[in-house]
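S.K.: This note's numbering puts the last residue of the sequence shown at 286; the count rises by one with no breaks. Glycine included, each C-beta is placed from N, C-alpha and C at the ideal position. The structure under discussion is supplied below as structure tokens; questions concerning it will follow.
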Amino acid sequence: MHRMNTRLRIAGTALLTTAIAVTAFAQVPQVRISQYAEAKQRVGLSDVTVTYHRPGVKGRVIWGELQKYDQAWRAGANEPTVVTFSDTVWVGNDKLNPGQYRLVVFPRKQGPWTIVFNSEVKNWGTMYDSTYDALHVSVAAASAPHEEWMSFSFTDLTGSSTTLVLRWEEVALNIPLRFNTSGKFAAAQRMMENGTWQSYNAYARYLIDYNGDMKDALKASEKAVGLMENAGTLRTKAEVLEKSGNAAEAIKTAERAIQVGKAANPNFNATALNDLIKGWKEKAGK
């Protein structure tokens, strides 16, 4: 009996040790060769996010050999590369609804490459089903400095557009994206029963900075001044007026901004406003 109990204890200890070893192994993080990455960009009022894994060149010939021409490529490794748009987007001249899309690329030996936005995002990266294609666009493949690990980035950023750049080996694909930022901003303002002076002023400033409609900018700046006349709202209105071609009123409004600023704070710094006024007068030949 004693010998049997000893055997049972030994067997139990062995099983426990094995279980602990298996559990510990399961908890060891697995390092993938093609590592996970994200690229995010705010464009005006909209967001673009790309989640992907980064394959390496590792001395291989990529285009035409590792990745055959005219065959679907997952634009990454492992799980599908997924692009998420928070709002309706124009890819080149083509409209695409907000949502998540699997990004698929068809490399070409000659001519533009095909970029596919596909609405199926759950299956493995290589399990591409064209019946879920939402949009095809053509993009020229540009020569680029060597990129060992495939990457996504954003360039040419404005308040309503950007370029999503895919780079790997010595190829770059520049995918133009555009959002209706002005329309979204204006719609948000219309939905507000009582817009704040800050929101109207911010909208006017956005239109100034990104060459928007100055008629809309003037309406917004006038609402901002009506709700809160301060140096900031008056300066915005002055800049709108100057950009609209009304230099005389712009100068008067900027001078009013200095008066209001100094009345509110004797130590108000009017340097920036004085510089604007000086520049506008010189431009107008005064």
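1) Which parts of the region 140-200 are runs of the beta strand (DSSP E), unbroken and 3 residues or longer, counting only runs that do not cross its ends?
2) Residue 49: which of 228, 281, 81, 39 sits nearest, CA to CA?
3) Are residue 206 and residue 179 closer than 9 angstroms when you measure CB to CB?
4) Return the first residue and the last residue of the alpha helix (DSSP H) that residue 278 is part of.
5) Using the Cβ count rule (16 or more neighbours within 10 Å means buried), how would you classify residue 146?
6) Please give me, in chain order, every unbroken run of the beta strand (DSSP E) with length at least 3 that falls completely inside the region 206-272.
7) In this structure, does DSSP put residue 202 in helix, strand or coil?
8) With distance defined between alpha-carbon atoms, name the residue in 94, 108, 36 nearest to residue 69.
9) From residue 243 to residue 228, what does the alpha carbon distance come to, in whole angstroms?
10) Is there contact between the region 124-137 and the region 150-167, where contact requires at least three CB pairs shorter than 8 angstroms?
11) For residue 84, does the three-state DSSP call read helix, strand or coil?
12) Comparing alpha-carbon positions, which option in 87, 60, 82, 230 lies nearest residue 45?
13) Where does residue 132 fall in DSSP's three states?
14) DSSP state of residue 39, grouped into three classes?
15) To the nearest angstrom, report how far apart residue 111 and residue 140 are at their CA atoms.
16) Return the Cβ separation of residue 91 and residue 104 in integer angstroms, given the expectation that the two are a contact with Cβ distance under 8 angstroms.
17) What's the gap between the Cα of residue 52 and the Cα of residue 93?
18) Rounded to whole angstroms, what's the CA-CA distance from residue 59 to residue 221? Just pull it up for me.
19) Given that a residue counts as buried once 16 or more other Cβ atoms are within 10 Å of its Cβ, and exposed if not, what is residue 124?
20) Does DSSP put residue 52 in a helix, in a strand, or in coil?
21) Can you tell me which of the three DSSP states residue 66 falls into?
22) For residue 254 versus residue 264, is the C-beta distance shorter than 9 angstroms?
23) Assign residue 61 to one of three DSSP states: helix, strand, or coil.
24) From the DSSP output, in three-state form, read off residue 118 for me.
25) In the DSSP assignment, what are the bridge partners of residue 103?
26) Which of the three DSSP states, helix, strand or coil, is assigned to residue 90?
27) From the DSSP output, in three-state form, read off residue 96 for me.
28) For residue 46, which beta-bridge partners are listed by DSSP?
29) Since residue 84 and residue 74 should fall inside the 8 angstroms C-beta cutoff, what is the C-beta to C-beta distance between them, to a whole number of angstroms?
30) Please go through the same chain and pick out, in chain order, the residues whose beta-carbon is closer than 6 angstroms to the beta-carbon of residue 79, but skip the five residues on each side of it.
M.R.: Checking against the coordinates, here is how it stands:
1) If we require 3 residues or more, the beta strand (DSSP E) runs fully inside the region 140-200 come out as 141-155, 161-178.
2) Taking only the C-alpha atoms, the option nearest residue 49 is 39.
3) No, the pair does not count as a contact, with Cβ atoms beyond the cut-off.
4) Where residue 278 is concerned, the enclosing alpha helix (DSSP H) stretches over 271-284.
5) Classification of residue 146: exposed, given that the 10 Å Cβ count is below 16.
6) Segments of the beta strand (DSSP E) lying fully in the region 206-272: there are none.
7) DSSP places residue 202 in helix when its eight states are reduced to three.
8) Proximity to residue 69 across 94, 108, 36 peaks at 108, based on C-alpha coordinates.
9) Cα to Cα, residue 243 sits roughly 22 angstroms from residue 228.
10) No contact exists between the region 124-137 and the region 150-167.
11) Of the three classes helix, strand and coil, the one that applies to residue 84 here is strand, per DSSP.
12) Out of 87, 60, 82, 230, the CA that lies nearest to the CA of residue 45 is found in 87.
13) Of the three classes helix, strand and coil, the one that applies to residue 132 here is helix, per DSSP.
14) Strand.
15) Distance from the CA atom of residue 111 to the CA atom of residue 140, rounded to whole angstroms, is 7 angstroms.
16) About 13 angstroms; that fails the 8 angstroms criterion.
17) Taking the straight line joining both Cα atoms gives about 25 angstroms.
18) In this structure, the alpha-carbon of residue 59 lies about 58 angstroms from that of residue 221.
19) With fewer than 16 other Cβ atoms within 10 Å, it is exposed.
20) If DSSP states are grouped into helix, strand and coil, residue 52 belongs with the strands.
21) Three-state result, residue 66: coil.
22) Judged by beta-carbon spacing, residue 264 lies beyond the 9 angstroms limit of residue 254, meaning their Cβ atoms are not closer than that value.
23) In the structure shown, the three-state DSSP call for residue 61 is coil.
24) Assigned with DSSP and collapsed to three states, residue 118 falls in strand.
25) Answer by DSSP bridge pairing, in chain order: 117.
26) Here residue 90 sits in strand by DSSP.
27) Assignment of residue 96 by DSSP, reduced to helix, strand and coil, places it in the strand class.
28) DSSP lists 43 as partners of residue 46.
29) Not a contact, Cβ separation roughly 16 angstroms.
30) Here the set comprises 125.
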